[in-house]
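Here is the structure we will look at, set down as structure tokens.
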Amino acid sequence: MEKLRYLEIVEAEFDKQPEAIKEYLFGDDYAESFCLTLENLTQLQILHLSIESPTVLSRSQLPSNLKKLVLFETVSVISFIAELPNLEYLYIERACFIKNELCLSQSEEWCHEDITFHKLKFLKLLKLDISRLNASEESFPLLETLVIKKCRDLEEIPLSFAYIPTMKQIKLIRCRNESLEASAERIKEEAETIEGCDCIDLIIKESVVKSKADVNQACACNHWQLIRQPQTDRVDGS
Numbered sequence: 001m002e003k004l005r006y007l008e009i010v011e012a013e014f015d016k017q018p019e020a021i022k023e024y025l026f027g028d029d030y031a032e033s034f035c036l037t038l039e040n041l042t043q044l045q046i047l048h049l050s051i052e053s054p055t056v057l058s059r060s061q062l063p064s065n066l067k068k069l070v071l072f073e074t075v076s077v078i079s080f081i082a083e084l085p086n087l088e089y090l091y092i093e094r095a096c097f098i099k100n101e102l103c104l105s106q107s108e109e110w111c112h113e114d115i116t117f118h119k120l121k122f123l124k125l126l127k128l129d130i131s132r133l134n135a136s137e138e139s140f141p142l143l144e145t146l147v148i149k150k151c152r153d154l155e156e157i158p159l160s161f162a163y164i165p166t167m168k169q170i171k172l173i174r175c176r177n178e179s180l181e182a183s184a185e186r187i188k189e190e191a192e193t194i195e196g197c198d199c200i201d202l203i204i205k206e207s208v209v210k211s212k213a214d215v216n217q218a219c220a221c222n223h224w225q226l227i228r229q230p231q232t233d234r235v236d237g238s
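Those letters in the sequence shown? Residues 1 to 238, by this note's numbering.
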């Protein structure tokens, strides 16, 4: 267990504490009992989690040593996640945000300017339906990398991201939104004006449609091994 990186669990009791758990939870009853178990895993640093109910996540106590959190198809309670004191990596995919934690109404905005992720260095947002990202430089004082992928309704990144002194990279992948790209350009230019140098690496990627000839050529070059599998989105920065 000392070198364990990922562990997928159906039902188990922990005799030793793992460093990473890859877990997908569906159904409130099991999710709640599992999250209560997580609280006792004080050495846990990496967690992949999918929980349908926001009430389960909000009243759970995730381990304070958690450094990397990946949320899939989860109602994200940002104020609760921000309470993790050592969180450095946050990946949110196909999640919805809530306007009010009491009524649990869905929001099209990330409205959490008053919340701070004190140690967060990497933030990736994938396939979110939000149109606005309301955050200030105080929200992410140590952020280094921002990745936004397939968030086609997102209109812009706040200019305040240019004032984050640790900011090194902004990556936009298949967002297909000119206003979003323009806002990223403004951030890069503003940061350059402030620092006096090109300090933010801006990467904009669009999907590449290969011709049939290109596909045939690639297959011919790899005729000895052809593996066909569905495309999946990676959890890292790409």
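Think of the CB as a built atom: it goes at the ideal place given N, C-alpha and C, for glycine as much as any other residue.
The segment 164-173 in contact with the segment 190-201 per 3-pair CB rule at 8 Å: Result yes; three or more Cβ-Cβ pairs closer than 8 Å.
Per DSSP, the bridge partner or partners of Thr-145: Your numbering for residue 145 matches position 145 in the sequence shown. Bridge partners of Thr-145: Phe-122, Gln-169.
Minimum C-alpha distance to Lys-67 - residue among Thr-116, Glu-93, Lys-121: Taking the first residue of the sequence shown as position 1, residue 67 is located at position 67. Nearest neighbour of Lys-67 by Cα position, chosen from Thr-116, Glu-93, Lys-121, turns out to be Lys-121.
For Leu-71, the nearest candidate out of Ile-115, Leu-128, Pro-158 (CA to CA): Counting from one through the sequence shown, the residue named residue 71 turns up at place 71. With distances taken between CA atoms, Leu-71 lies nearest to Leu-128 out of Ile-115, Leu-128, Pro-158.
Cut-off 8 Å between Cβ atoms - residues of its own chain near Thr-42, not counting five sequence neighbours on either side: Position 42 of the sequence shown holds residue 42. Closer than 8 Å at the Cβ level, and outside the excluded window around Thr-42, lie Gln-17, Pro-63, Ser-64, Asn-65.
Glu-138 versus Leu-154, Cys-151, Phe-161, residue with shortest Cα-Cα distance: Position 138 of the sequence shown, counted from the start, is the residue given in the question as residue 138. The residue with the shortest Cα to Cα distance from Glu-138 is Phe-161.
Residue burial classification, Ser-183 (beta-carbon count within 10 angstroms, cutoff 16): Position 183 of the sequence shown holds residue 183. Sixteen is the threshold: when 16 or more other Cβ atoms of the shown chains lie within 10 Å of the Cβ of Ser-183, as they do, the residue is buried.
Backbone CA spacing between Ile-92 and Ile-78 [nearest angstrom]: The residue given as residue 92 occupies position 92 in the sequence shown. The residue given as residue 78 occupies position 78 in the sequence shown. For Ile-92 and Ile-78, the distance between alpha carbons rounds to 11 Å.
First through last residue of the alpha helix (DSSP H) which encompasses Phe-80: Counting from one through the sequence shown, the residue named residue 80 turns up at place 80. Where Phe-80 is concerned, the enclosing alpha helix (DSSP H) starts and stops at 78-81.
Within 7 Å, strictly: CB atoms of Leu-69 and Leu-44: Here residue 69 corresponds to residue number 69 of the sequence shown, with the count starting at 1. Here residue 44 corresponds to residue number 44 of the sequence shown, with the count starting at 1. Against a cut-off of 7 Å, the Cβ pair of Leu-44 and Leu-69 comes out as no contact.
Cβ-based neighbour list, Ser-179, same chain, cut-off 7 Å, excluding 5 preceding and 5 following: Against the sequence shown, residue 179 aligns to sequence position 179. Cβ neighbours of Ser-179 within its own chain (closer than 7 Å, five residues either side excluded): Glu-155, Glu-156.
Length of the line joining the Cα atoms of Lys-205 and Arg-186: Position 205 of the sequence shown, counted from the start, is the residue given in the question as residue 205. Position 186 of the sequence shown, counted from the start, is the residue given in the question as residue 186. Rounded to whole angstroms, Lys-205 and Arg-186 show a C-alpha spacing of 17 Å.
Buried/exposed call for Ile-200, threshold 16 Cβ in 10 Å: Counted from its first residue, the sequence shown places residue 200 at position 200. Counting Cβ neighbours within 10 Å, Ile-200 comes out buried, since at least 16 surround it.
Ile-242: first and last residue of the uninterrupted beta strand (DSSP E) it sits in: A question about residue 242 goes unanswered here, because the residues of the chain that appear run from 1 up to 238.
Inter-residue spacing [alpha-carbon to alpha-carbon] between Tyr-24 and Leu-84: If you number the sequence shown from 1, residue 24 lands on position 24. If you number the sequence shown from 1, residue 84 lands on position 84. Any reading at Tyr-24 is ruled out, since the residue's pLDDT is 47, under 50, leaving its predicted position unreliable.
Phe-117 (DSSP reduced to helix, strand or coil): Position 117 of the sequence shown, counting from 1, holds the residue named residue 117. Phe-117: coil per DSSP, three-state reduction.
Inter-residue spacing [alpha-carbon to alpha-carbon] between Ile-173 and Ile-203: Position 173 of the sequence shown, counting from 1, holds the residue named residue 173. Position 203 of the sequence shown, counting from 1, holds the residue named residue 203. One C-alpha to the other measures close to 8 Å.
Assumed close pair Leu-126, Pro-158 - CB separation to whole angstroms, cut-off 8 Å: Taking the first residue of the sequence shown as position 1, residue 126 is located at position 126. Taking the first residue of the sequence shown as position 1, residue 158 is located at position 158. Wrong, their Cβ atoms sit about 19 Å apart, outside the cutoff.
According to DSSP, residues forming a beta bridge with Asp-201: Walking along the sequence shown from the start, residue 201 turns up at place 201. For Asp-201, the beta-bridge partners assigned by DSSP are Gln-169.
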